[in-house]
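If you read the sequences in order, they're chains A and B.
According to this note's numbering, the residues represented by the first sequence are 699 to 931, in order.
According to this note's numbering, the residues represented by the second sequence are 699 to 931, in order.
C-beta: ideal position from N, C-alpha, C; glycine also.
Number of protein chains: 2
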Amino acid sequence: MNIFYTPDITNEKTYTINESESKHAIRVLRLKENNIIVLVDGKGSFFEAIIINDNPKKCEVRITNITKESNIKPKLHIAIAPTKNNDRTESFIEKCTEIGINEIIPMLCKHSERKKIKQERLVKTAVSAMKQSLKASLPNINELSSFNDIINNPFNGKKYIAHCYNENQKHYKTVYQKGENNLILIGPEGDFSTEEVKLAIDKGFEPITLGESRLRTETAGIVACTTFNLMNE
Amino acid sequence: MNIFYTPDITNEKTYTINESESKHAIRVLRLKENNIIVLVDGKGSFFEAIIINDNPKKCEVRITNITKESNIKPKLHIAIAPTKNNDRTESFIEKCTEIGINEIIPMLCKHSERKKIKQERLVKTAVSAMKQSLKASLPNINELSSFNDIINNPFNGKKYIAHCYNENQKHYKTVYQKGENNLILIGPEGDFSTEEVKLAIDKGFEPITLGESRLRTETAGIVACTTFNLMNE
């Protein structure tokens, strides 16, 4: 199945694919008139379509069917400190997009080693993973936000902070209630500062552990995302 | 905490670290006499030690304390088809070593795109992840084995095959019994062949799904490993 990401698609009967995706479809994949493809809008809709003009700069399609992804799942938002090695952050975004996530918020913490991100590149990683895993919803990849801004933003759901200090915090799986929307904070390589943990708790974040193993930042994010999805399946 | 992998360590009172690890300790980390380090044997033991000779070619230590990792957890073995892109297999090994796994068996399937592996490099990835996550047990990384050899080997535990054909197979989390040892088969990019699925079922493997999402090979492996560990925590 050939999936194309077309965020500006509407409910019109025909659609013209942008130049780069047209080139990919016609020059790279060698698709032709009458071939069937699938367009996704990143907002949960699949558009089955038939190619009516295989122009490699502006490929035109006729929409034959529209289906929507189920939208009843609770929402998962993870705020995570970007890792020093950018590949690790990209791997986190790829894996979580496959497994299921709604929003990723790159977070600047006291111990963050990486203080800048290339948001556009992270979005590309998510688009590619969305297509690969045959999904129609693109997680929202935010700009880098400060720890303080994130904990002070209102959030409609339960808030957790996963830290590695041994304070007998409960396991995420034992406090999570099926159906609950979550915002989970995952700290940088050097963990959150004790001050940050305290600030988050003051703002209503519950401290949790993700298991007995000491995990890298991006692994902790993947484990949190897997746990959330498992609890809701 | 500085951890060194010393697979040949015994219960003697002193130990001489090999040349490459000595160099790392003394030249790179600039450790000196009387500094405390930790040696792990990859078989579950931590050796706390004090440097008594900071020779950068043969660093000598005196063992001050030995502790053992808990060994009561059930055992997880995953046989997985190496991905076309080697980084993805390494990422799988790294993440699963952090999360918790006992054996990884690279598996040659009908649809495998990669037919060779560099076992030594995969072991290095596991060693690095073991140290990073402060563990003392190194998962066994096997040589590449054929699908047929793997399904015909005796296994002391429950056997599962995770495939993507829609045959109403049950979710892994609903069939797994806490405490059970597992061997899980994860197929290549193009999935198992239907013949392979049938052969495995004939040999006592139960077909499972790992969730509603279509996952890449290495993501499926990470999700299986996370699920197993979650069920036992």
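Which listed residue (the options) has its alpha carbon closest to that of residue i
i                  : options                                    : result
Asp-785 of chain A : A:Glu-916, A:Asn-927, A:Glu-931            : A:Glu-916
Leu-729 of chain B : B:Lys-856, B:Asn-846, B:Ile-750, B:Ser-911 : B:Ile-750
Leu-913 of chain A : B:Cys-862, B:Lys-871, B:Glu-792            : B:Glu-792
Ile-778 of chain A : A:Ala-747, A:Lys-901, A:Thr-787, A:Ile-770 : A:Thr-787
Phe-745 of chain A : A:Ile-776, A:Glu-931, A:Asp-706, A:Ile-848 : A:Asp-706
Val-759 of chain B : B:Met-929, B:Glu-887, B:Phe-702, B:Thr-907 : B:Phe-702
Glu-909 of chain A : B:Asn-709, B:Ser-831, B:Thr-872, B:Gly-909 : Correcting the residue identity first, residue 909 of chain A is Gly in this sequence and not Glu. The shortest Cα separation from Gly-909 of chain A among B:Asn-709, B:Ser-831, B:Thr-872, B:Gly-909 belongs to B:Ser-831.
His-722 of chain A : A:Cys-757, A:Val-738, A:Asn-769            : A:Cys-757
Glu-818 of chain A : A:Asn-838, A:Ile-799, A:Cys-807            : A:Asn-838
Ser-844 of chain A : A:Lys-857, A:Glu-894, A:Glu-796, A:Thr-823 : A:Glu-894
Asn-716 of chain B : B:Leu-737, B:Thr-795, B:Ile-920, B:Ala-827 : B:Leu-737
Glu-710 of chain A : A:Lys-755, A:Thr-762, A:Ser-826, A:Met-699 : A:Thr-762
Lys-929 of chain B : B:Lys-771, B:Cys-794, B:Ala-918, B:Asp-739 : Here residue 929 of chain B turns out to be Met, not Lys, going by the sequence shown. Taking only the C-alpha atoms, the option nearest Met-929 of chain B is B:Lys-771.
Tyr-874 of chain B : B:Glu-887, B:Thr-892, B:Gly-885, B:Pro-905 : B:Pro-905
Glu-841 of chain B : B:Val-821, B:Lys-856, B:Glu-887            : B:Val-821
Thr-892 of chain A : A:Lys-876, A:Ser-911, A:Asn-879, A:Ile-859 : A:Ile-859
Lys-755 of chain B : B:Ala-824, B:Val-726, B:Leu-883            : B:Val-726
Ser-768 of chain A : B:Glu-931, B:Ser-911, B:Leu-836            : B:Ser-911
Met-699 of chain A : A:Ile-734, A:Ser-720, A:Asp-739            : A:Ile-734
Ala-747 of chain B : B:Lys-782, B:Ile-764, B:Glu-878            : B:Ile-764
Lys-856 of chain A : A:Glu-865, A:Glu-878, A:Leu-836            : A:Glu-878
Glu-865 of chain B : B:Thr-907, B:Asp-739, B:Ser-789, B:Ser-718 : B:Thr-907
Cβ-based neighbour list, residue i, same chain, cut-off 8 Å, excluding 5 preceding and 5 following
i                  : result
Glu-731 of chain B : Ile-749, Ile-750, Asn-751, Asp-752
Asp-889 of chain A : His-809, His-861, Cys-862, Tyr-863
Ile-797 of chain B : Ile-920, Cys-923, Thr-924, Asn-927
Cys-807 of chain B : Ala-779, Phe-845, Gly-885, Pro-886, Phe-890, Ser-891, Glu-894
Gly-740 of chain B : Tyr-703, Pro-705, Val-825, Met-828, Ala-834, Ser-835, Leu-836
Glu-719 of chain A : Phe-702, Tyr-703, Thr-704, Cys-757
Backbone secondary structure at residue i - three-state DSSP
i                  : result
Ala-777 of chain B : strand
Tyr-863 of chain B : coil
Leu-883 of chain B : strand
Ala-850 of chain A : Contrary to the premise, residue 850 of chain A reads as Asn rather than Ala in this sequence. In this structure, Asn-850 of chain A counts as helix in the three-state DSSP scheme.
Glu-758 of chain A : strand
Asn-784 of chain A : helix
Thr-925 of chain B : helix
Thr-823 of chain B : helix
Tyr-874 of chain B : coil
Ser-891 of chain B : coil
Glu-910 of chain B : coil
Ile-770 of chain B : coil
Glu-931 of chain B : coil
Lys-856 of chain A : strand
Leu-727 of chain A : coil
Residues of its chain near residue i, where Cβ-Cβ distance is below 6 Å and the 5 sequence neighbours each way are ignored
i                  : result
Phe-853 of chain A : Leu-881
Pro-780 of chain A : Thr-787, Pro-804, Arg-812, Ile-815
Tyr-713 of chain B : Ile-707, Val-759
Thr-704 of chain A : Leu-737
Lys-766 of chain B : Gly-742, Ser-743
Thr-795 of chain A : Ala-824, Ala-827, Met-828, Pro-837
Leu-883 of chain B : Ala-777, Ile-859
Counterpart residues of residue i in DSSP-defined beta bridges
i                  : result
Phe-744 of chain A : A:Val-738, A:Thr-765
Arg-812 of chain A : Bridge partners of Arg-812 of chain A: none, in fact.
Met-805 of chain A : A:Ser-843
Tyr-670 of chain A : Because chain A here runs from 699 to 931, residue 670 of chain A falls outside it and cannot be looked at.
Thr-917 of chain B : BP columns for Thr-917 of chain B are empty, so no partner.
Thr-712 of chain A : A:Arg-760
Asn-838 of chain A : A:Glu-801
Glu-904 of chain B : B:Tyr-858
His-869 of chain B : B:Thr-907
Asn-751 of chain A : A:Glu-758
Same chain, Cβ closer than 7 Å to residue i, five either side skipped, listed in chain order
i                  : result
Leu-897 of chain A : Ile-849
Pro-790 of chain B : According to the sequence provided, residue 790 of chain B is Phe. The question's Pro does not apply to it. Excluding sequence neighbours, Phe-790 of chain B sits near Ile-778, Glu-916, Gly-919, Ile-920.
Lys-876 of chain A : Met-929, Asn-930
Lys-782 of chain A : Glu-811, Arg-812, Glu-887
Inter-stretch contact (C-beta, 8 Å, three-pair minimum) for the region 896 to 905 of chain A and the region 841 to 853 of chain A: Touching, per the Cβ criterion.
Inter-stretch contact (C-beta, 8 Å, three-pair minimum) for the region 795 to 803 of chain B and the region 761 to 780 of chain B: Taking one beta carbon from each stretch, the region 795 to 803 of chain B and the region 761 to 780 of chain B have 3 or more pairs nearer than 8 Å; the two touch.
The region 863 to 875 of chain B touching the region 822 to 840 of chain B, judged by at least three CB pairs closer than 8 Å: Too few Cβ pairs lie closer than 8 Å, so no.
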